[in-house]
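Here the numbering used here is used: position 353 in the sequence shown is 652, and no number is missing along the way. Built from N, CA and C at the ideal position, the CB exists for glycine as well.
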Amino acid sequence: MTEKSFNKKGLTKKSENISDWYHDVVLRAGLAEYSDIKGTMIIKPHGYALWERTQAVLDGWFKEDGVQNCYFPIFIPMSLFEKEKEHVAGFSPELAVVTHAGGEELAEPIAVRPTSETVITKKFADWIQSYRDLPMKLNQWCNVVRWEKRTYPFLRTSEFLWQEGHTVHTDKKDAMTMVMTALEWYAKFYREHYAIAPYVGLKSQSEKFAGADETYSIEIVVPDGKALQAATSHYLADHFTKVFDVQYLNEAGEKKIPHQTSWGLSTRAIGGLIFVHGDDSGLVLPPAIAPQQIVVIGIAGKDPVMEEKIVTYVGHIHKILKEAGLRVVSDVDFRKTLGYRINDWELRGIPLRIEVGAKELESKTATLARRDNFSKHSANFDLLSVEVSALLSIIQKDLFKKSEQSRDDLTVDVSTWDEFKSTISEKKVFIRAPWCEDASCEAAIKEEAKVVTRCLELDRFQEVLSGTTCVHCDKPAIHKWLFGQGY
Ligand SMILES: [Zn+2]
């Protein structure tokens, strides 16, 4: 192994070892720390603030659509899981089970929530009687437990936070509208708030959620060429409603079985955010999601008279930016060196730094320094709020463009198996290739190339291939699918 080089902040370089860099950023930027139980993490205030902003945006959209929040217990009777065999088959190795409580062995073991389809659907049977009760749209913001063997902060931990939407509809058509609405929320959220250009598409039958007919997902292309499944939306058909005997009377008074959906986005999203935008100096936050968009730094050069004047000037700037609706924080902690303060704000990814010292005070200006590309320019105090708002929008757009470019650069179109293999043996990338959509062919691809299907992109549904052979076998290809190695 070659010796690692660190930058001035003690971070591993992203280009040298992205995995070590990621762990360094998570710890040093104050996002999360490891905990006593292996595979669990403590989300620290800076990391939790990102989650709170994520929640605020999504929760607003859910409620506008009539989705109501609720909360179900974390403990689920094992018998409920056993009623849904297909579901438990997909989950059992990761299931945490309570066998003892209150000093006694329990008569029936209790599962710790890995997801809530079973316990929520059981209640739907009590709450739904008539077509007038539909659609029923619930969501909960909660924690889930999946006992993971291989863990990674934010990306894969034994306990994580998420939202799980659960809805019931009269028929498939209405349920599918909900599935696609949720998927669009997630896509829009990543594009407009996280400034990430993801792939949006359908999962293959072997990669879908065990209890679903169809699973749609958001796939992020991590800069190392690996894939991060960053949100999912499932059409559950009537699998759970049948098992749990959910029925409704339609307008003609006939008994019908309703169709169901579920959809979720977790704290894993924050992992994607770190990976996509971060650089050798640490975290880089898009202004739309940054809990603090601007830091105003006072520079006084150890002169107490100047310190007082600078504190006042910083206060004025803070006030006008706050009044313009911007999220601003000030730093006039002169006890620390300027270099340390700048390094620290850069590490934490604050999109814009405003520096004010004697020179700026005298000329009634401020120096603006962008976190994403380190460019600096001077702005007049009188125009500051307008200029800062405009600059934040530019940063947001530039980060998205960069993400889009990186995604496209890391996606390679191939048509033969030789090309497929030689491409991934050179470097990890997403591969787009014609595929027969046969599960045994997919299993063979996984075995030989260590990659799985990521998704069939939504905008390629219409593009049905004819006269094209599958990239791996002799069967005709149906669509071009994306393949990649997952996190
Ligand atoms: Zn094939």
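Closer than 8 angstroms: is that where the CB of residue i sits relative to any heavy atom of ligand 1?
i	result
residue 322	no
residue 770	yes
residue 748	no
residue 776	yes
residue 717	no
residue 737	yes
residue 734	yes
residue 441	no
residue 754	no
When DSSP labels each residue in this structure, what does residue i get in the three-state scheme?
i	result
residue 748	helix
residue 506	coil
residue 615	helix
residue 301	With a pLDDT of 44 at residue 301, under the threshold of 50, the modelled position of that residue is not reliable, and the figure given next carries that caveat. Residue state, collapsed to three classes: coil.
residue 334	coil
residue 492	coil
residue 534	strand
residue 568	helix
residue 322	helix
residue 775	strand
residue 416	helix
residue 314	coil
residue 765	coil
residue 541	helix
residue 550	coil
residue 788	Nothing in the structure corresponds to residue 788, since the chain is present only between 300 and 786.
residue 427	coil
residue 369	coil
residue 341	strand
residue 742	helix
residue 421	helix
residue 760	coil
residue 658	helix
residue 555	strand
residue 526	strand
Counting along the chain, where does the alpha helix (DSSP H) carrying residue i start and finish?
i	result
residue 380	377-382
residue 357	344-363
residue 698	683-708
Mind checking whether the beta-carbon of residue i lies closer than 8 angstroms to any heavy atom of ligand 2?
i	result
residue 369	The model on display carries ligand 1 but not ligand 2.
So the beta strand (DSSP E) residue i belongs to, where does it begin and stop?
i	result
residue 638	Not the beta strand (DSSP E): residue 638 falls in the alpha helix (DSSP H), residues 637-646.
residue 782	778-783
residue 403	403-411
residue 668	664-669
residue 654	651-655
residue 679	675-679
residue 400	395-400
residue 499	498-501
Measure from the C-beta of residue i to each C-beta in chain C and report whether the shortest distance is under 9 angstroms.
i	result
residue 709	No chain C is part of this structure, which consists of one protein chain only.
**Prompt:** How do the segment 532-547 and the segment 768-779 stand: do at least 3 beta-carbon pairs fall below 8 angstroms, yes or no?
**Reply:** In short, these stretches do not touch, since the Cβ pair count stays below three.
**Request:** Ignoring anything shorter than 4 residues or poking outside the segment 434-484, list the alpha helix (DSSP H) runs there in chain order.
**Result:** Counting whole runs of 4 or more residues, the segment 434-484 contains no alpha helix (DSSP H) stretch at all.
**Item:** 3-residue-minimum beta strand (DSSP E) runs that sit fully inside the segment 711-737, ordered along the chain
**Value:** Here the runs fully enclosed are 729-734.
**Message:** Closer than 8 angstroms is the cut-off here; do at least three beta carbon pairs connect the segment 691-711 with the segment 606-620?
**Reply:** Because the criterion of three Cβ pairs below 8 angstroms is not met, the segment 691-711 and the segment 606-620 do not touch.
**Request:** With a floor of 3 residues, list each beta strand (DSSP E) that falls wholly inside the segment 576-637, ordered by position along the chain.
**Result:** The qualifying runs are 593-597 and 627-630.
**Message:** Would you call the segment 680-693 in contact with the segment 478-485, where contact means no fewer than 3 C-beta pairs closer than 8 angstroms?
**Reply:** Touching, no, given that fewer than three Cβ pairs across the two stretches are closer than 8 angstroms.
**Prompt:** Below 8 angstroms, can you find three or more Cβ-Cβ pairs linking the segment 411-422 to the segment 439-447?
**Reply:** Two segments are said to touch when three or more pairs of C-beta atoms, one from each, lie closer than 8 angstroms; by this definition the segment 411-422 touches the segment 439-447.
**Validate contact between the segment 342-354 and the segment 585-596 using beta carbons, cut 8 angstroms, 3 pairs** = Verdict: yes, contact present.
**Request:** Kindly confirm or deny that the segment 320-327 and the segment 563-576 touch, where touching means at least three C-beta pairs closer than 8 angstroms.
**Result:** The segment 320-327 is in contact with the segment 563-576.
**Item:** Three CB pairs or more closer than 8 angstroms across the segment 542-559 and the segment 455-475
**Value:** Yes, they touch.
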